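Take a look at the structure below.
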Amino acid sequence: MWMHNGGIAEFTRLKRQLQSTLSDELYNFPQGNTDSEWAFALFLSMLTDPHAESFTQHELRDAMLKTISTLNKWAREANITEPSLLNFCVTDGHTVVATRYISSKQDEAASLVGSFLILPGPRMSQVLQLFAQYFSSGTTFDEYAPGGHYRMSKRDKRENIILIASEPLTFEQGTHFFVRFCLAASSEIFLNLVADWMEIPTNTLMVITPKMNVLQIPIIDEFHVSDPLQAKKRGSDFAAQKGLLSSAYGARRGGSVPSPLQPAQD
């Protein structure tokens, strides 16, 4: 399963080149003309055997990075300066690989829409919608009050559920924190500190393994910002103009969008 939210900048200028790299089988695979479909075909072309029933996390991760790198290369050769928003997610039913990415050093990546929920078992059986800006994990995700009010519970050290979403889905006062990951530190340390949701940094690849381990890997390329202070200065205007910024993120960055913790007044 493949998902994409965002857009490949000036895709019509890259489409013919992308198609020329595909085998006849993959060329005939897309059923439409969207950049998302053709990006998936490109991703499949990066796999040694697209027909395999399952893949290692390294195979999926490497194919994803090659897909992004190739799109960036073609955009550079075509002198395309507008950033591409490449929030991708792919799963073979066992492993999930997702990215939050923009081909820019100045702009923040899109926060996307929707969420996906992964439950343990022989296969990751439920993938609901697309991911992206925050993630939470725990033992259960239950409705604790009528009207669709849910919360993540951590009853022990097991991680039975991993939920990734465009914005926090629970807004309990006193337990909701926005935390930027220190990628050099263990994610387990942060999971012990934060009750609910944690932000996925821009230009990060995320892997959920069959054993429910969560890996966050910075995408090191020409658009990587290594200085944390400079990374915080990325602007959100571009993603907002594209309609791909969550309300929670806009409010946290000091924008005009009201925070979900404090609904807008009439």
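Heads up: the sequence shown begins at 2 in my numbering, then just goes up one per residue.
Even for Gly, the Cβ is constructed at its ideal location relative to N, Cα and C.
Note that this is a predicted model, so its numbers are computed, not measured.
In the pairwise beta carbon analysis, the segment 23-33 is classified as not touching the segment 89-101: fewer than three pairs are separated by under 8 Å.
Between Ile-218 and Val-226, the gap from beta carbon to beta carbon reaches 9 Å or more.
When secondary structure is reduced to three states using DSSP, Gln-217 falls in the strand class. DSSP places Ala-146 within a strand segment (E or B) once states are collapsed to three. If the five residues before and after Ser-70 are omitted, its C-beta is found closer than 7 Å to the C-beta atoms of Asp-222, all from its own chain and listed in chain order. Out of Leu-206, Val-215 and Asn-214, the CA that lies nearest to the CA of Ile-103 is found in Leu-206.
The three-state secondary structure of Leu-72, taken from DSSP, is helix.
Just measuring C-alpha positions, the residue of Met-199, Phe-224 and Gln-58 sitting nearest Gly-94 is Gln-58.
With distances taken between CA atoms, Ala-79 lies nearest to Arg-14 out of Leu-48, Arg-14, Phe-224 and Asp-36. Between Glu-109 and Ile-9, the alpha-carbon positions lie close to 15 Å from each other. Sixteen is the threshold: when 16 or more other Cβ atoms of the shown chains lie within 10 Å of the Cβ of Leu-72, as they do, the residue is buried.
Considered as a whole, the segment 28-98 harbours 86-92 as its complete beta strand (DSSP E) runs of no fewer than 3 residues, in chain order.
Judged by their CB atoms, Leu-61 and Thr-96 are nearer to each other than the 9 Å cut-off. Under the DSSP assignment, Leu-15 falls in the alpha helix (DSSP H) whose first and last residues are 12-21. In this structure, the CA atom of Thr-210 is about 29 Å from the CA atom of Lys-233. In this structure, the CA atom of Asn-214 is about 11 Å from the CA atom of Ile-162.
Its chain contains no residue whose beta carbon lies nearer than 7 Å to that of Thr-82 once the 5 sequence neighbours on both sides are disregarded.
Sixteen is the threshold: when 16 or more other Cβ atoms of the shown chains lie within 10 Å of the Cβ of Arg-235, as they do, the residue is buried. Of all alpha-carbon atoms in Asn-6, Gln-32, Ala-42 and Trp-3, the one lying nearest the alpha-carbon of Ser-21 is that of Ala-42. DSSP places Phe-239 in the uninterrupted alpha helix (DSSP H) bounded by 238-242. Boundaries of the alpha helix (DSSP H) around Gln-231: 229-232. Only residues of its own chain outside the window of five on either side were considered, and among them Ile-81 and Glu-83 have a CB closer than 7 Å to the CB of Glu-11, listed in chain order. In the displayed model, Asp-222 falls within coil according to three-state DSSP, outside both helix and strand.
For Ala-53, the number of other beta carbons within 10 angstroms of its own is below 16, and it is reported as exposed.
Between Met-47 and Pro-147, the alpha-carbon positions lie close to 47 Å from each other.
For the pair Pro-51 and Trp-39, the CB atoms are not nearer than the 9 Å cut-off.
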